[in-house]
Structure formats: C-alpha cells, structure tokens
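S.K.:
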Amino acid sequence: MDDHYYQTLKQMIESQAYRELAAAHLFGYGLQFVPHWEGIEFITHSLHEEIEHYEAVRKMAIDLIGEDLTSSVVERVAKRPVPFANSWFELAMAAFLYDRGGYWQLKEYEDCSFLPYRQIIRGIIGDEEGHQGIGEQNVIELCRTGEYAQVKQTYFEKWIRYGLLSFGRPKTEGNRFAISVGLKKRDSGEVMQDFINNIKPTVKACGLMFPTPEEMELEMPDWIDWSLDDVKPATPGR
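For the sequence shown, our numbering begins at 4 and goes up steadily by one.
(1) Could you name each continuous alpha helix (DSSP H) segment of 4 residues or more that falls completely within the stretch 121-160, going from the start of the chain to the end?
(2) Mark Trp226 as exposed unless 16 or more other C-beta atoms lie within 10 angstroms of its C-beta, in which case mark it buried.
(3) Within its chain, find whatever has a CB closer than 6 Å to the CB of Glu93; leave out the 5 residues flanking it on each side and keep chain order.
(4) Output the distance between the C-alpha atoms of Tyr165 and Tyr101, rounded to the nearest integer angstrom.
(5) Going by the CB atoms, is the gap between Thr205 and Ile143 shorter than 8 Å?
(6) In this structure, does DSSP put Arg172 in helix, strand or coil?
(7) List the endpoints of the continuous alpha helix (DSSP H) containing His48.
(8) On the CB-based measure, 16 or more other CB atoms within 10 Å of its CB, does Asn200 come out buried or exposed?
(9) So, is the C-beta of Gln156 closer than 8 Å to a C-beta in chain C?
(10) For the alpha helix (DSSP H) containing Ser74, name the first residue and the last one.
(11) Could you pull the start and end residues of the alpha helix (DSSP H) that Thr11 belongs to?
(12) Under the rule that 16 or more other beta-carbon atoms within 10 Å means buried, what is Ala64, buried or exposed?
(13) Going straight from the alpha carbon of Met223 to that of Leu186, what length do you get?
(14) DSSP three-state label for Tyr112, please.
(15) Taking 8 Å as the limit between beta carbons, can you name the residues of its chain near Asn89, skipping five residues before and five after?
(16) Smallest Cα separation from Asp5: which of Ala26, Val184, Arg61, Leu145?
(17) Checking 8 Å against the spacing of the C-beta atoms, do Tyr57 and Glu23 come in under that value?
(18) Can you have a look at Glu113 and say buried or exposed, based on whether 16 or more other CB atoms are within 10 angstroms of its CB?
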C-alpha cells in the first residue's frame, strides 16, 4: 500500500464515518416528529443501524491507521452538519433521499480492493437493502394525501441535493485514481445517473420535478438524463 493509496483510503473511511454519524444525528433529532408506532420503529431501527455502521468504520480505522476518528468526525459534523428535518413529512423525504444516496455510493465500494473495507461495506449494504424502500413508500403515501402539496417540491429539492452530495465531484483526479487501483468502480457522474434513474418512478408518482444542477449548486455532468417521459410511476407497496 503506497502513500497515495493509503491517503485515498483514509479519506474514504473518514467520509463514510461522517455520513454515518450525520445520519444518526438526523434520525435521532427527527424521532420527535414521528406520529405513529410503525414510523417510530422504522426511524429507531435506522438510527441504531447508523450507529452500528459508524462503530464498524471507526474500529477499522483504529486497526488501519492507529487512530480513533471520533474527535475529527464529530468536529466535521459540527462544522458541516446535515440539516435536521422539522416535520414527519420532511423526515420521510430525508430518509428516502439522503439514505438512498448513501446506499448508491456504498455500492461503488462493494468490490473495494482493500479487503477489510470491502467486508464492512458489504455488510452495510445488506442492512440498507433490508429497509431500502420504507422511506420511499412513506413519501409516496404522504404525497397522495394532498396535505403536503405546498411543501413537497421544496423538501424534495433540499434533500435530493444532500443525496447527490454523497457521490462527490465527478471527473476529479481523486476519482480517477480510486478507480485505477480498485477502491471504487466508477466515476461519480455515472453513480449520480443511477441514483436519479432509481428515484424517477417515485418522483413521477409524487408529482415532483427535478431541480437543475445550478439550482442545487452542484457540479454534475451535462449528459445526465433527467427525463420522466417514459417513466412508470411508483405505487404504494411496491
């Protein structure tokens, strides 16, 4: 493991720990807005998983670099916090889009050339797949009530941005190096497209519109396909 590989791997681990801890804060704060037992069960389960995932990444960092990341990651979360949701509807949107973005990012590491990280990532992906659609279904069902027609686009634009931020900037030297040594599979732009394609049925079912990269203040490839023309809307219970 040369220094470039080591530093790239360390950055990946730190970023992963940040996402897990930020998500734990998001779910922990949002629990106060959950109106029913099924939602409480979902959010508390998600919170517990994020803490477990953070601890797995933290322990690996101790083994790899002899450093406990807690202080630096807590400081990073404090300086660059993921915002809290302030209603049950917003929490459902956040759980759908922020969680889904993290899932697609982790899929890029599932064949990581650093075996200890690959093993941890595959375990986390397995956990995420177990409840991947619950936040999405909550959003669909809440939008169908018509109660959130005035706020749904605002919250969608807010949280899709945080979902897309999970992937980092496309076409960077760091991307190219990580791909060349097998730490990840593809460039960030390709993962962004897969994420967008994956949520299109729900976007259409909820009567939402994709914001532009400029509106989200994100750097994205100009070839990204945002079209909903041939997309079949998702249905509750899919």
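We put the beta carbon where it would ideally sit given N, CA and C, even for glycine.
M.R.: Reading it off the structure:
(1) 137-147
(2) One-based indexing of the sequence shown puts residue 226 at position 223. Result: exposed.
(3) On the sequence shown, residue 93 is found 90 positions in, with the first residue counted as 1. Excluding positions up to five away in sequence, the list reads Tyr158.
(4) Position 162 of the sequence shown holds residue 165. Position 98 of the sequence shown holds residue 101. Distance between the alpha carbons of Tyr165 and Tyr101: 6 Å.
(5) Position 140 of the sequence shown, counted from the start, is the residue given in the question as residue 143. Position 202 of the sequence shown, counted from the start, is the residue given in the question as residue 205. Using a Cβ distance threshold of 8 Å, Ile143 and Thr205 count as a contacting pair.
(6) The count along the sequence shown starts at 1 and reaches residue 172 at position 169. In the displayed model, Arg172 falls within coil according to three-state DSSP, outside both helix and strand.
(7) Working through the sequence shown from its first residue, we reach residue 48 at position 45. Taken as a continuous stretch (DSSP letters only), the alpha helix (DSSP H) holding His48 covers 40-68.
(8) Counted from its first residue, the sequence shown places residue 200 at position 197. Exposed: under 16 other Cβ atoms inside 10 Å.
(9) The structure shown contains no chain C; it is built from a single protein chain.
(10) Locating residue 74 in the sequence shown gives position 71, where the first residue counts as 1. Here the alpha helix (DSSP H) through Ser74 covers 73-82.
(11) To locate residue 11, count along the sequence shown from 1; it is residue 8. DSSP places Thr11 inside the alpha helix (DSSP H), whose first and last residues are 6-33.
(12) Mapped onto the sequence shown, residue 64 falls at position 61. Per the 10 Å Cβ criterion, buried.
(13) One-based indexing of the sequence shown puts residue 223 at position 220. One-based indexing of the sequence shown puts residue 186 at position 183. Answer to the nearest angstrom: the Cα atoms are 21 Å apart.
(14) For the purposes of this step, residue 112 is taken as residue 109 along the sequence shown, with counting starting at 1. It is coil, neither helix nor strand.
(15) As a working note, residue 89 is residue 86 in the sequence shown. Once the five neighbours on either side are set aside, the close Cβ partners of Asn89 are Phe36.
(16) As a first step, residue 5 is located in the sequence shown; it is residue number 2 there, counting from the start. With distances taken between Cα atoms, Asp5 lies closest to Val184.
(17) Start at 1 with the first residue of the sequence shown, and residue 57 comes out as number 54. Start at 1 with the first residue of the sequence shown, and residue 23 comes out as number 20. Closer than 8 Å, so yes.
(18) One-based indexing of the sequence shown puts residue 113 at position 110. Label assigned to Glu113: exposed.
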